[in-house]
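Participant: Here it is, the structure in full.
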Amino acid sequence: MKLNTPPSFTSFYESFSDLIFATMAIFALLMIIFATQVRPEIISQEDLEKLQQENEELQQNLDEAVKTRGLELVVAIDASGSMGQALNELKNAILFIGEALPLVSPDFKLGVVVYRDKVTTFPLTRIRAEKEDNGASFKRLRNWTKNLKPIGSPVDVYQAVDVSMSMLTKNANADTKQTFMLIGDMGPYESWINKQKGTVNMGRGGKEVTLEDRIVARVKSWIDNSENAGVVVLYTGSSQIRGYDYNWNQKTTVPFFKRIAELAGENGRYADETRKLSVYLLEGILGGHL
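What follows is the structure in structure tokens.
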């Protein structure tokens, strides 16, 4: 599992691979889109041709594994009252990747699970490049994100993870990179959910199984049956979490989130910097390191 630590000089050059080229190409492409469609007067024809040439060179350098593989991303995000900043970051991030990644991968699918005491979803959907469907799939995604807003509520992490795992394609092969991202500031510890779903029940042989254990088992089952699975977990906790004691929440939720990330081994990442959400998404999807 990777922790959110600053990259060293060596790791930067070791990681200067598909993610770097892909990210550079994405930015070049978006610059062209912005310059020609949004503010055509801000860039000269000469500069535009230079950008296009640089983009073509970058595209040629994209690793074939990134260009040909399918990419699946399912994001589960807590949308309770304390999650305003994270929701805004997620809106920006998924709209960015929803517009950019179809230019990199021929088969990019995105699903979102928003959870409070109940869940709402954007079903796993193939997001196509604008030239393929006149922007229809991206417009559906953009319209859906308009309803993302924080509302005070307890959160049902178990249901969120269960729905997310069900959304991902079953038994995906190595040609499809699957990524699950969990974003939140509370683990499965709120009393009403524990009472309803059974924080502790009796498993096989009389062994006690907590709700946390059941969530971990659900994610592990998906990883075991996917040939190319990655997990990114972002803890967004602050000192003001719905009236809960911060130290208690941190001591319980952070280990739980790290436990989820560790299931994916080297393809797992735990992080706690909300402002870098877009970076973590790209890193998780493309399998590189920043």
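Under our numbering, the first residue of the sequence shown is numbered -7, with each subsequent residue one higher.
The C-beta atom is built at its ideal place from N, Cα and C for all residues, glycine as well.
Report the option in L274, V211 and T266 whose CA atom is closest to the CA atom of S74.
Facilitator: T266
Participant: Where do the N-terminal and C-terminal ends of the alpha helix (DSSP H) with Y150 fall, by residue?
Facilitator: Taken as a continuous stretch (DSSP letters only), the alpha helix (DSSP H) holding Y150 covers V149 to M159.
Participant: Which partner residues does A68 have in the DSSP bridge list?
Facilitator: V105 and L174
Participant: Checking the sheet assignment: what are the DSSP bridge partners for G73?
Facilitator: Paired residues: none, contrary to the question.
Participant: Short of 6 Å in beta carbon distance, which residues of its chain neighbour K250, apart from the five on each side in sequence? Order them along the chain.
Facilitator: Y262
Participant: How long is the line joining the alpha carbons of F248 and G179, rounded to whole angstroms?
Facilitator: 7 Å
Participant: For V111 and A92, I'd like the C-alpha separation in whole angstroms.
Facilitator: If I take the Cα positions, the gap works out to 27 Å.
Participant: Using a threshold of 9 Å, state whether the C-beta atoms of N165 and V223 are closer than that.
Facilitator: In this structure, V223 does not lie closer than 9 Å to N165 by Cβ.
Participant: Are the beta-carbon atoms of V67 and V153 separated by less than 9 Å?
Facilitator: no
Participant: Are at least three pairs of beta-carbons, each pair with one atom in the stretch 155 to 165 and one in the stretch 213 to 220, less than 8 Å apart?
Facilitator: yes
Participant: From D125 to R132, what does the alpha carbon distance come to, in whole angstroms?
Facilitator: 12 Å
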